[in-house]
Structure formats: C-alpha cells, structure tokens
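Visitor:
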Amino acid sequence: MNSKQYISLAFTSFRRNLLRTLLTGLGIVISIASVIIVISSAQGVKGFLIGSFEQFGSNLIQTETRVPNTGSINSGQSQEAMALGTVVTTLTVDDMEAVRRLPNIKTTYAAQIGQAVATSEYDKKTVMIYGVSGTFLDIDTGKIDRGRFFTEEEDASLARVAVLGSNVAQDLYGDQNPVGQTIKIKNRNFTIIGTFSPRGAILFFNYDDIVFMPVQTLQKQVLGINHVSAITSSYIDKSKVKTTAADIEELLRDRHNIDRANPDKDDFIVQTMDDVASTLDTIIGGFTILLVALAAISLVVGGVGIMNIMFVSVLERTFEIGLRKAVGATRKQILRQFLSEAVMVTFFGGIIGIIIGVSVSYLISFIADILGFAWKFVIPAYSLFLAV
C-alpha cells in the first residue's frame, strides 16, 4: 500500500466515526490555539505597556523616591511606606535643578501628586492634582487645546494658575471655555490658563481627569510640603544613557549624604526606559512561560486522548483487522493504517488550532484597538513552532 491509499483509508474511517474524530481532534485544536493566543497576547501586553511608557517620552530617565533598605518605590507612598508610616521627603526641586546641570541632560521636570476638591461656579469635583515644573511639555507629549501651559517663572513665583484635563474642563464648565475663569482648590482661587486636548488613560493614569499646576504652588499652597515624588529627565545622547543615569545616582548620593559604598541606603531609584523594558520583559516573560506551560499540559492531555481513542479504535475494529489479515494485509500495514489516522487527526487539529489561535489573537488586538489601547497584533514565529 502506498501513502495515498493510507490517507484514503484514514478519511474513510473518519467519515464512519465522525463524532469520535471531532472529539479526538478537539483537544489538539484547543491546546495549540491556547499556546498561540497566550504568546500573542503577552506580546501585545508588552507592546502596549512599552508604548504607553513611550507616550511620556522615549528618551527619559526617571528618578523616584524609595524607602531605603527595601527597594520599594515611594511615588506618593508605597504600601511598605504607608505600613511603616514612612514617607521619603528628601527629593526636592533643588535636586531637579542640580540634575539639569549634568552633562547629557537636555531638560528636567519635578512632579508631585495630590488630591482635592475643585470647585467652579457651576459644579465641583474631586480631582487628582499633578504638580509639575514649567518644563513639563518640553518632555511630555501632551497637547494644549485652549490657552497655554504655565512657565518656569510662574512655578518659581508660586503663581496660582492651573491647566485642566479635558474631562475636568467638561465636568466643571460644560461647553464653555474655562480659560480665564477661576477654580477654587483648598479655599484658594486659581486662574485657569489652559486646557489639554483629550488624551485618555496611559497606564491607568488618565490625563483627562487631572488638574495641572506648578509643582511649587502645589507644594507650598495646597499640600504644605517641600519635597517631590519624582524627577523626570530627558537626555541628549542615547549612547551615554547608562553613564548619565550613574551620574544622577552619584549626584543625589552626594546631595543626600548617602555613602556611595552602600547603595541600599539610597532614598531614590533611577530608571531608564531600557530598565523599564527589561523589567517588563522579565515579568511578562515569567507569566508567559507559566501560561504556555499550562497550555502545554492540555496539549499533552490531547495527545494522551488521541492515544486512548486509537487504542479503543483498535479494540472496536478487531473484526476489520482480522478481515484485512485474511486478505493478505501484514501486521506492519495495519499498524501504518492506524498511525496514519492518528497523524492525520493531529495534523488537521494542529492546522485548525493555528487558524483559530491566529484569528482569536487578531480579534483581541482589534477589540483592544477599538477600546483605545495601542495593541499590536503580533504572532511570533516561535509561538507557531511551540504550538506545532
């Protein structure tokens, strides 16, 4: 018997036992589709997160406060910091100015977050307040819709000015132009000098729901503090980014009187976009391996299912086997016939699984795109290799 005859016999067997064939192949279909969907989704999440970070700017170095000896980032307050009643207050606007003077630093801005009730003459709303330096838009990719952003001079003079996110402007002023009007925060009047164009959420941080004001105004007149939670820097030459990050660390250790030989005492952490991408790779890679391993278990189960079904098939078809032997079929030919059936079930199950996996992955990226997420449709070649 040649290969064509084995294939013909296999299809004949499939037609006679259609339901059993479909159920046998279903495990393979689901397993292979799962592997592809998991890997594609992981790549989509990774691309979305990195793309979201890059919306803040691609050539960035981020410096944030942290609790010494723990490594816990203390932007605002970390869980450990809150549990210990600890708030790191050593990072300041003066630190930002010192960082700005380093070689390869293009510009910087300091940032601090607060929350308060904002009241207009029409309505009031609890809002997040984002205090930043006047250089914020030299780094960030946000766009002003109406009016202007505040300046470094207004920041230094503690000017009571504010720029509204698009949702805040809509909620407090409706269709009116809020520029030039007054908003009250903590019993102080702030003049609205601009509004941002709609931007949406970036890493669950919705710019449209924020009131922006000069960081030193927020510190002194709203929160009553002298520290900031973060300093964002943009650099000039990417090839020197690691050296620049190290320069920032050395500068802040000197300014904060931290022993250079004991970096665990650092009350700050410096991260480049490469560091962020590496962290995301590690986290997402770990989850991907776990999920692929779980999907692979179902693949093994599917293979065992095929083995069991084929074993039952042999027992059910003893009459057919005896008849074939009676007309001259050898043991080897009968074995090849059953192996051909198993291989074909696996092959077509794999093809269908790949088609379903790719289709569902595309559907996920399509829906994510509709919902406003920058989700790329990616099917790595190795995912197809692993699936097969």
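Count the sequence shown with my numbering and you get residues 45 to 432, in order.
Using N, Cα and C, we set each Cβ at its ideal position, and we do this for glycine too.
For T239, name the three-state secondary structure that DSSP assigns.
Guide: Three-state DSSP puts T239 in a strand.
Visitor: How many Å lie between T163 and I399 at the Cα?
Guide: Rounded to whole angstroms, T163 to I399 spans 55 Å at the Cα level.
Visitor: Would you check whether the ligand SAH has a heavy atom nearer than 7 Å to the C-beta of Y174?
Guide: Looking at this structure, you won't find the ligand SAH or any other ligand, since it has none at all.
Visitor: Do G186 and F234 have their beta-carbon atoms positioned less than 8 Å apart in this structure?
Guide: Not in contact: F234 and G186 (Cβ atoms no closer than 8 Å).
Visitor: Between I236 and P222, how many whole angstroms is the CB-CB distance? I'm expecting something under 8 Å.
Guide: Going by Cβ atoms, the distance from I236 to P222 rounds to 5 Å, so yes, they are a contact pair.
Visitor: Run the CB neighbour count on I280, radius 10 Å, all protein chains shown included, and call it buried at 16 or more, exposed below.
Guide: So I280 ends up on the exposed side.
Visitor: Between A154 and T326, what straight-line distance do the alpha-carbon atoms span, to the nearest angstrom?
Guide: Taking the straight line joining both Cα atoms gives about 29 Å.
Visitor: Could you tell me the alpha carbon to alpha carbon distance between M172 and T133, rounded to whole angstroms?
Guide: Distance between the alpha carbons of M172 and T133: 20 Å.
Visitor: CB-CB under 7 Å to R192, same chain, minus the five flanking residues each way: which ones, in chain order?
Guide: Same-chain partners within the cutoff: I237 and G238.
Visitor: What number of angstroms, rounded off, separates the C-alpha of P307 from the C-alpha of N301?
Guide: The straight-line gap from Cα to Cα measures roughly 12 Å.
Visitor: Go ahead and label G88 buried or exposed: buried means 16 or more other beta carbons lie within 10 angstroms of its beta carbon, across all protein chains shown.
Guide: Buried, because 16 or more other Cβ atoms sit within 10 Å of the Cβ of G88.
Visitor: State the CB to CB distance for the pair G393 and I80, rounded to an integer number of angstroms; the pair is presumed to be in contact (CB under 8 Å).
Guide: The pair is not a contact, with the Cβ atoms about 13 Å apart (cut-off 8 Å).
Visitor: Alpha carbon to alpha carbon, how far is G22 from K90?
Guide: The requested residue 22 is not part of the displayed model; the chain covers only 45 to 432.
Visitor: My guess is that T68 and I333 are in contact by the Cβ rule of under 8 Å, so how many angstroms apart are they, rounded?
Guide: About 28 Å separates the two Cβ atoms, so there is no contact after all.
Visitor: Measuring CA to CA, which of R64, V176 and V82 is closest to L335?
Guide: With distances taken between Cα atoms, L335 lies closest to V82.
Visitor: Report yes if the C-beta distance between T287 and I105 is below 8 Å; otherwise report no.
Guide: Against a cut-off of 8 Å, the Cβ pair of I105 and T287 comes out as no contact.
Visitor: Under the three-state reduction of DSSP, which class applies to T133: helix, strand or coil?
Guide: Residue state, collapsed to three classes: coil.
Visitor: Taking Q263 and I269 to be in contact with their CB atoms under 8 Å, please state how far apart those CB atoms are, rounded to whole angstroms.
Guide: Confirmed, Cβ separation roughly 5 Å.
Visitor: Do three or more CB pairs link the stretch 213 to 228 to the stretch 139 to 147 at distances below 8 Å?
Guide: The answer is no - the stretch 139 to 147 does not touch the stretch 213 to 228, with fewer than three Cβ pairs under 8 Å.
Visitor: Between the alpha carbons of Y251 and L343, how many angstroms are there, rounded?
Guide: One C-alpha to the other measures close to 44 Å.
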